[in-house]
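Taking our numbering, I'd label the letters of the sequence shown as residues 289 to 612.
Backbone N, C-alpha and C define an ideal beta-carbon position, used for all residues, glycine too.
So the structure is just underneath, and the comments pick up after that.
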Amino acid sequence: MTNDEFQARVERFWQDKARGLLLGQACADGLAVSFGRAVARAPVNFDDHIAGDQPLRHTAATELALGVAECLSNHQTIRHVDGALLQTYLAHTWWADKQRCGYGLDDTRLFTAVLDKRDRPEAAVPREGAHPAVPVAPLALTTLSGPDLLSAARMCAGQLTQDPLAHAAAAMFASAVATSLAGGPAHTAPRLLVSRLRGASGPHGVPAVTTLQQLAAENPSPSEAGRELLAETLGATGPVAAAVYAFLRHPDHPREAIRYAVHLHGSTPTIAAMTGALAGARHGVRALPTNWRKRLARADSIEALADRLAQRHSGLQSTLVRQR
289 MTNDEFQARV ERFWQDKARG LLLGQACADG LAVSFGRAVA RAPVNFDDHI AGDQPLRHTA
349 ATELALGVAE CLSNHQTIRH VDGALLQTYL AHTWWADKQR CGYGLDDTRL FTAVLDKRDR
409 PEAAVPREGA HPAVPVAPLA LTTLSGPDLL SAARMCAGQL TQDPLAHAAA AMFASAVATS
469 LAGGPAHTAP RLLVSRLRGA SGPHGVPAVT TLQQLAAENP SPSEAGRELL AETLGATGPV
529 AAAVYAFLRH PDHPREAIRY AVHLHGSTPT IAAMTGALAG ARHGVRALPT NWRKRLARAD
589 SIEALADRLA QRHSGLQSTL VRQR
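Pasting the structure below:
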């Protein structure tokens with residue numbers, strides 16, 4: 289195999305991973321939000337919903353993730369992106385479709401102030417609007433090192449809120465996505481992910497990681513796990529831990545992981561979106577049902593954005609190899 293052939297194979301590998309991450313997040317988000325509007329919410333109804341033909345439209349938090357991805361695809365690595373630039377991208381993302389499901393009062397107040405070049409208002413705790421951890425997923429494809437990734441995730445969440453629990457949640461989710469992108473045997477996933485989360489979370493995320501670890505050992509029902517993971521005391525870290533827990537229940541079966549995430553209840557689209565990102569990052573786009581992509585609004589543009597991020601990632605990997 290020539291060097292060019294090897295490089296092309298590597299690029300195709302990361303293209304599949306990047307598409308899986310973004311499309312997995314968007315599809316799972318769309319499945320959960322449309323299912324949540326239904327009258328019946330039993331598992332069998334969700335199975336029918338998965339196999340149906342209803343169009344899928346993701347919520348605000350995933351739309352902001354696509355805004356982050358757009359920023360990263362245009363500005364190389366996160367080291368070339370400051371908070372003001374990222375916040376401008378997020379504000380324009382909001383302005384382009386501010387009626388999208390999931391935006392709240394804090395989003396409106398913040399992004400209006402950014403576009404009007406006024407001082408940022410303080411967000412409520414908990415924040416009224418898109419969950420601040422969900423948009424950080426694309427960072428895992430464009431950041432050179434673990435410390436850079438955690439710092440970037442906290443910076444990204446900091447554009448939306450000053451809540452330290454939200455900053456911890458963002459670092460946890462970014463670390464989980466990076467770990468999922470790396471793959472590895474399913475039987476090592478729980479221990480590795482919990483270890484990475486504990487290292488990423490800082491003191492504010494420790495209670496959520498501890499709860500996650502306990503539940504992984506006890507294997508309770510989805511409703512019991514949801515009550516523990518979405519306790520008010522865990523704040524923004526709870527939905528991240530819930531998404532990781534759902535993913536760990538079915539690390540090699542994206543459909544089942546997302547199904548489980550939906551039945552944890554709580555902020556269902558938020559949890560499902562993060563679970564979908566983790567599953568898609570681990571397995572790539574080919575593991576996602578083709579029916580989902582066909583139903584997803586703007587699937588082609590999301591896929592094209594993923595391809596641009598994959599090119600960035602391949603370039604970063606080449607840089608690392610040359611530096612060794």
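When C-beta atoms of the segment 556-564 are compared with those of the segment 521-528, three or more pairs fall below 8 Å, so the two segments count as touching.
Put simply, of S489, S589 and A357 the residue whose alpha carbon is nearest the alpha carbon of A456 is S489. Secondary structure at L344: strand, using DSSP grouped into helix, strand and coil. The C-alpha of A594 is placed about 20 Å away from the C-alpha of D385. In the three-state DSSP reduction, L469 falls in the helix class (H, G or I). Only exposed fits T290, as fewer than 16 other CB atoms lie within 10 angstroms of its CB. Rounded to whole angstroms, the separation of the alpha carbons of D404 and Q313 is 31 Å.
Non-local beta-carbon contacts of D540 in its own chain, meaning distances under 6 Å to residues more than five positions away in sequence, involve A474 in chain order. Distance from the CA atom of F334 to the CA atom of A534, rounded to whole angstroms, is 15 Å. The C-beta distance from L503 to E516 rounds to 6 Å, short enough to meet the 8 Å contact threshold. Residues of the same chain with a CB within less than 7 Å of the CB of G554, apart from the 5 flanking positions on each side, are G514, L518, P527 and A530 in chain order. Note on A421: 16 or more other CB atoms within 10 angstroms of its CB, so buried under the neighbour-count rule. Excluding residues up to 5 positions away in sequence, I338 and R543 lie with their Cβ nearer than 8 Å to the Cβ of P577 in the same chain. Positions of the alpha helix (DSSP H) runs, each at least 4 residues long and wholly inside the segment 382-422, are given as 393-403 in order along the chain. Residues I366, V369, P426, L427, L429, T430, L597 and R600 of the same chain have their beta carbon placed closer than 8 Å to that of L360, with the five preceding and five following residues left out of the count. Here T347 is not near G308, since their CB atoms are 8 Å or more apart.
Under the 10 Å beta carbon count, F294 is surrounded by fewer than 16 other beta carbons and is classified as exposed.
Taking a cut-off of 8 Å on C-beta distances, the segment 412-421 touches the segment 446-461, as three or more cross pairs fall below it. Per DSSP, L360 has no beta bridge partner at all. The beta carbons of A569 and L469 sit closer together than 8 Å. For the 8 Å CB-CB criterion, G493 and P414 do not form a contact. S463 is not a Cβ neighbour of L480, given a cutoff of 8 Å. Distance from the CA of W580 to the CA of T499, rounded to the nearest whole angstrom, comes to 32 Å. Around the beta-carbon of A372, fewer than 16 other beta-carbon atoms lie within 10 Å, marking it exposed. Beta-bridge pairing by DSSP links L584 to L344. Residue R300 holds the alpha-carbon nearest to the alpha-carbon of G572 among A412, R300 and A296. The beta carbon of Q501 sits closer than 6 Å to those of V482, all from its chain and outside the five residues before and after it, given in chain order. DSSP places S509 in the coil class of the three-state scheme, outside both helix and strand.
Around the beta carbon of Q342, fewer than 16 other beta carbons sit within 10 angstroms, so the residue counts as exposed. Around E591, the same chain offers R307 and L311 as residues with beta carbons nearer than 7 Å, after the five sequence neighbours per side are excluded.
Bounds of the alpha helix (DSSP H) holding L480 are A477 to S489.
Sequence-distant Cβ neighbours of A353 in its own chain, meaning closer than 7 Å and more than five residues away, are Q313, V422, P423, A425 and P426. For A339, the secondary structure class from DSSP, reduced to helix, strand or coil, is coil.
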